[in-house]
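>
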Amino acid sequence: MAELRGYKELPIGAVPFRLSTDYKTGDWRALRPVVDHSKCVKCMLCWIYCPDMAVIWDGEKIIINYDYCKGCGLCAHECPVKAITMEPEPTE
Amino acid sequence: MSMLEVRWHGRGGQGAWTASNILAMAAAIDGKHVQSFPAFGPERSGAPVLAFTRISEEPIEIHSMVYEPDIVVVLDPTLLKSVNVTQGLKKGGIIVVNYEGDIEKLYNSIGISKGEYKVYITPATKLALDILKRPITNTAMIGALLKASKLISWESLEEAIKKRFPGPLAEKNIELVKKAYELAREV
Amino acid sequence: MTEAIKTPKIPPEKQILMTVNGDEAVAYAAKQSLVDVVAAYPITPQTIIVEKFSEFVANGEVHTEFVPVESEHSAMSACVGAAAAGARAFTATAANGLALMWEILYIAASLRLPIVLAVANRALSAPINIHNDHGDAYGMRDSGWIQIFVENVQEAYDTTIQAFKIAEDERVLLPVAVNLDGFFLSHTLENIRMLPDEEVHKFLGGYRKTYPKVKVDYFDEEVPLILNPAKPLSFGPLDLYDYYYEHKMHQIEAMKRVPEVVREVNEKWYELTGRKYGDGVLVPYGVEDADVVVTVLGSTGGTVRHIVKKLRNRGYKVGTIRIRLFRPFPHKELAELLKGVKVVGVMDRGISFGSYGPSFLDISTALYDLKERPLLVNYVYGLGGRDAPPEMIEKMFMELLEIAKTGEVKEKLRFLGVRE
């Protein structure tokens with residue numbers, strides 16, 4: 022962990038000195054969504070529901086951004102064709 | 456006199472505070488320092504209300520209510536029965552009442568004897584009904600007040616009324632003030 | 003008290019004579035201050051301020067975006083958003099409305115947003131009361147806002163304009179609450195002198211368009227401290243015990259710089275208009291040789307000064323200090339002024355239940371380090387709009403003069419003008 026800074030080194034206004042995207046909230050995740058593309062009908066409901074904008078349309082299919090997906094499972098719950106399942110994080 | 460204090464008695468909706476404000480505005484135009492404020496309360500139409508004006512050559516530092524006015528103006532004679540309008544009034548002070556009728560009765564309802572105070576009357580309600588077609592007596596009473604005490608100039612009063620009321624209404628009020636002044640008399 | 007300068011830049015005859023009440027004076031000041039956003043909710047005795055301002059908006063006299071919100075919590079929230087986006091933001095409230103703003107007051111201060119808030123001071127419920135005391139302002143004491151109390155309608159006008167100048171100063175960047183006594187000032191018509199619009203614009207440097215710069219790791223250059231999609235910053239996201247304390251230090255440091263800025267602005271205003279209020283921080287009168295000094299906030303300051311003059315004419319050594327800047331509190335300056343005084347009476351139009359009046363606590367703190375401390379008496383007065391007539395204040399002075407003679411304080415906390 023980087024050394025903590027003193028207040029004289031910090032920007033005022035309670036503004037963080039790092040970009041918020043630097044904080045990889047994906048490491049909060051216990052279960053990860055896994056997409057079965059053979060079942061996916063590309064309705065994009067998961068994209069709409071994802072509270073972290075971690076579902077991305079790459080032009081052909083959806084992909085999950087595991088850097089920021091917190092594993093809340095909303096996408097799996099909302100998927101009308103059960104194409105997304107929540108699976109345990111790999112342990113290694 | 457360094458500071459002059461006026462207390463206005465009216466009923467909610469009769470414009471006592473407006474009268475106080477117009478008087479203050481006119482005095483300010485004359486180059487005086489002024490304060491004008493109501494005895495603050497929830498607005499209730501018809502309920503007895505008070506307003507206060509302070510006029511001074513020097514900047515006014517006091518911010519509290521007026522307890523010993525030099526002049527009392529009564530916009531509505533029916534108040535005389537229920538309100539002690541002379542409370543705190545300075546010895547030899549002036550009372551200006553919207554009134555026409557028996558003078559002895561007037562003294563009785565104020566509860567004073569002749570010579571205690573200077574009492575002026577003007578038939579403000581009648582004049583207001585004639586000119587404004589409404590029983591709003593506040594500007595008329597400024598006219599009567601002017602008869603009793605030259606505390607502001609006519610020019611400033613006209614200017615203040617023009618600032619306060621839009622076009623034709625200002626003219627009507629100026630007419631009313633003049634008439635009320637003419638008919639005002641010490642009794 | 004205003005002192006006249008011989009040749010202000012704008013002589014009195016070039017200033018506009020107005021007869022307005024305190025609320026209207028504040029509204030005119032906000033109008034001339036080129037406010038970008040007003041978000042407000044009506045509450046007596048503040049209502050006239052935003053009512054008048056909404057007239058300016060309806061008449062097209064201002065460029066301001068007026069946001070009629072559904073509560074004071076939202077009013078302050080909208081001001082926070084607006085100010086963070088770079089706008090000059092203004093709102094007004096009183097009493098229970100201010101209490102409802104409470105949560106967001108802290109956010110405005112810690113995000114360092116130069117919002118100006120006019121508080122037409124009014125007593126807090128219950129029972130419901132629409133009249134003046136300082137309970138509402140005392141309630142926001144610890145929120146990180148600068149708090150200025152004014153004595154008359156002219157000062158309400160002057161201070162509202164000054165507040166933007168103080169708040170936006172790069173050394174400060176804190177929100178400012180301008181406190182005017184409800185009804186005693188908000189609804190009282192007085193003659194004031196207003197500057198022509200363009201002079202106020204010049205004084206404030208026009209619209210709010212320059213911003214302090216901050217350095218963050220992800221940009222090489224310093225960037226303006228505003229919400230800007232091209233140079234994104236996050237305002238006030240989560241701090242835990244790792245950084246929260248450090249961020250509070252920023253507010254503590256900024257507060258220290260406030261008095262010098264208030265003094266500078268007071269001085270600049272004096273050169274421009276010929277009006278100043280003591281040094282901007284404290285307004286002393288007759289203190290130099292005084293045995294007894296009374297401190298006071300707000301409109302009662304004038305009434306106290308009136309009595310001081312009267313008593314001094316009768317040979318009594320009395321004086322007064324009006325505390326204009328209440329937060330940050332001028333401890334050192336007060337101690338300096340009160341050095342050698344025998345008795346200090348501290349008037350508070352409010353109380354911290356179970357303790358003393360808030361200004362008394364500060365003054366006690368200020369005087370503790372003096373070698374010879376004055377005796378102190380706290381006078382709570384005027385709660386819920388109870389009038390503070392000259393007679394009552396004169397009686398208080400007589401009591402304090404007696405204490406100066408006997409050296410004995412029988413009751414440290416006194417309640418003026420209450421029935422037993």
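Chains as they are written, first to last, in the numbering used here: chain A, 22 to 113; chain B, 456 to 642; chain C, 3 to 422. The beta carbon of each residue, even a glycine, is placed where N, CA and C say it ideally should be.
At the level of alpha carbons, what is the spacing between GLU396 (chain C) and ARG324 (chain C)?
Between GLU396 (chain C) and ARG324 (chain C), the C-alpha separation is close to 16 Å.
> Between ILE607 (chain B) and ALA482 (chain B), is the Cβ-Cβ spacing less than 7 Å?
Yes, Cβ-Cβ distance for ILE607 (chain B) and ALA482 (chain B) is below 7 Å.
> Expressed to the nearest angstrom, what Euclidean distance is found between the alpha-carbon atoms of VAL528 (chain B) and ASP183 (chain C)?
Rounded to whole angstroms, VAL528 (chain B) to ASP183 (chain C) spans 27 Å at the Cα level.
> Along chain C, in chain order, which residues have C-beta atoms closer than 7 Å to that of ILE517 (chain B)?
The answer, in chain order, is GLY304, THR305, HIS308, PRO392.
> Using Cβ-Cβ distances below 7 Å, what residues of the segment 246-264 of chain C are close to chain A?
If the cut-off is 7 Å between Cβ atoms, the segment 246-264 of chain C has GLU248, HIS249, MET251, HIS252 near chain A.
> At a Cβ threshold of 7 Å, is GLY300 (chain C) touching chain A?
It does not: the Cβ of GLY300 (chain C) has no partner Cβ on chain A nearer than 7 Å.
> Straight-line CA distance for VAL348 (chain C) to ASP364 (chain C)?
Their Cα atoms are separated by approximately 10 Å.
> Tell me which residue opens and which closes the beta strand (DSSP E) that ARG149 (chain C) is part of.
Residue identity check: residue 149 (chain C) is Gln in the sequence provided, not Arg. It spans 148-151 - the beta strand (DSSP E) in which GLN149 (chain C) sits, taken as one unbroken run.
> At a Cβ cut of 8 Å, what residues of the segment 178-196 of chain C count as close to chain B, listed as they run along the chain?
Within the segment 178-196 of chain C, the qualifying residues are ASP183, PHE185, PHE186, LEU187, HIS189, THR190, LEU191, GLU192, ASN193.
> Rounded to the nearest angstrom, what separates GLN34 (chain C) and GLY386 (chain C) at their Cα positions?
Distance between the alpha carbons of GLN34 (chain C) and GLY386 (chain C): 32 Å.
> Please identify, using Cβ separations under 7 Å, the residues of the segment 474-496 of chain B that lie next to chain C, in order along the chain.
Listed in sequence order: ASN476, ALA479, MET480, ALA483, HIS488, VAL489, GLN490, SER491, PHE492, PRO493, PHE495.
> Would VAL28 (chain C) pass as a contact of ALA42 (chain C) if the rule is Cβ separation under 7 Å?
Against a cut-off of 7 Å, the Cβ pair of ALA42 (chain C) and VAL28 (chain C) comes out as no contact.
> How long is the line joining the alpha carbons of GLN469 (chain B) and GLY570 (chain B), rounded to whole angstroms?
Those two C-alpha atoms are separated by around 29 Å.
> Counting only the same chain and skipping the five closest in sequence on each side, list residues whose C-beta sits under 6 Å from that of GLU30 (chain A).
None.
> Helix, strand or coil for MET3 (chain C)? Go by DSSP, reduced to three states.
Because the pLDDT of MET3 (chain C) is 49, which lies under 50, any placement of that residue in the model is unreliable, and the question is left without a value.
> Go ahead and pull the three-state DSSP assignment for THR305 (chain C).
The answer is helix: DSSP assigns THR305 (chain C) an H, G or I state.
> To test your reading of the DSSP string, which unbroken beta strand (DSSP E) runs of 3 or more residues are found completely within the segment 79-111 of chain A?
You should have 83-85, 105-109.
> In whole angstroms, what is the alpha-carbon distance linking TYR572 (chain B) and LEU418 (chain C)?
The straight-line gap from Cα to Cα measures roughly 34 Å.
> Would you call ASN154 (chain C) buried or exposed, if buried means 16 or more other Cβ atoms sit within 10 Å of its Cβ?
Classification for ASN154 (chain C): buried.
> Could you tell me which residues DSSP pairs with ILE576 (chain B) in its beta bridges?
Partner(s): B:VAL552, B:ARG640.
> How many Å lie between SER511 (chain B) and GLU610 (chain B) at the Cα?
Cα-Cα distance, rounded: 19 Å.
> Just the C-alpha distance for PRO623 (chain B) and GLU637 (chain B), rounded to the nearest angstrom, thanks.
Approximately 21 Å between the Cα atoms of the pair.
> Residues of chain C with CB under 9 Å from ILE41 (chain A), in chain order?
A small correction: the amino acid at residue 41 (chain A) is Ser; Ile does not occupy that position in the sequence shown. By Cβ distance, chain C contributes PRO234, SER236, PRO239.
> Quick one: list the residues of chain A neighbouring LYS217 (chain C), beta-carbon separation under 8 Å, in chain order.
The contacting residues are PRO32, PHE38.
> Is the Cβ of MET520 (chain B) closer than 7 Å to any Cβ of chain C?
Judged by the 7 Å Cβ criterion, MET520 (chain B) is in contact with chain C.
> Name the chain C residues whose beta carbon is nearer than 9 Å to that of LEU25 (chain A)?
Neighbours of LEU25 (chain A) on chain C, chain order: ASP244, TYR245, GLU248.
> Suppose only complete runs of 4+ residues qualify. What are the alpha helix (DSSP H) ranges in the segment 44-113 of chain C, listed by chain order?
Segments of the alpha helix (DSSP H) lying fully in the segment 44-113 of chain C: 49-60, 74-86, 97-112.
> Name the two residues that bound the continuous beta strand (DSSP E) containing PHE507 (chain B).
From DSSP, the beta strand (DSSP E) with PHE507 (chain B) extends over 503-511.
> Counting only runs of 4+ residues fully inside the segment 347-420 of chain C, write out the alpha helix (DSSP H) ranges in chain order.
Entirely contained in the segment 347-420 of chain C, the alpha helix (DSSP H) runs reaching 4 residues are, in chain order, 360-369, 392-408.
> If you run the structure through DSSP and keep just helix, strand and coil, what is MET458 (chain B)?
Correct three-state label for MET458 (chain B): strand.
> In whole angstroms, give me the CA-to-CA distance for MET107 (chain A) and GLY92 (chain A).
Near 8 Å, if we compare the C-alpha coordinates of GLY92 (chain A) and MET107 (chain A).
> Report the option in C:GLY304, C:VAL39, C:ALA179, C:VAL283 whose CA atom is closest to the CA atom of HIS333 (chain C).
Nearest C-alpha to HIS333 (chain C): C:VAL283.
> Going by the CB atoms, is the gap between ALA625 (chain B) and ALA599 (chain B) shorter than 7 Å?
Contact flag unset, no.
> Contact between the segment 83-93 of chain C and the segment 134-154 of chain C: three or more CB pairs below 8 Å?
Flag = no, the segment 83-93 of chain C and the segment 134-154 of chain C do not touch.
> I'd like to know if the segment 200-213 of chain C and the segment 156-176 of chain C are in contact, where contact means that at least 3 CB-CB pairs between them fall below 8 Å.
A contact exists between the segment 200-213 of chain C and the segment 156-176 of chain C.
> Check the Cβ-Cβ distances between ILE220 (chain C) and every residue of chain A, and say whether any is below 7 Å.
Residue 220 (chain C) is actually Tyr in this sequence, not Ile. Yes, TYR220 (chain C) lies at the interface with chain A (some Cβ there is under 7 Å from its Cβ).
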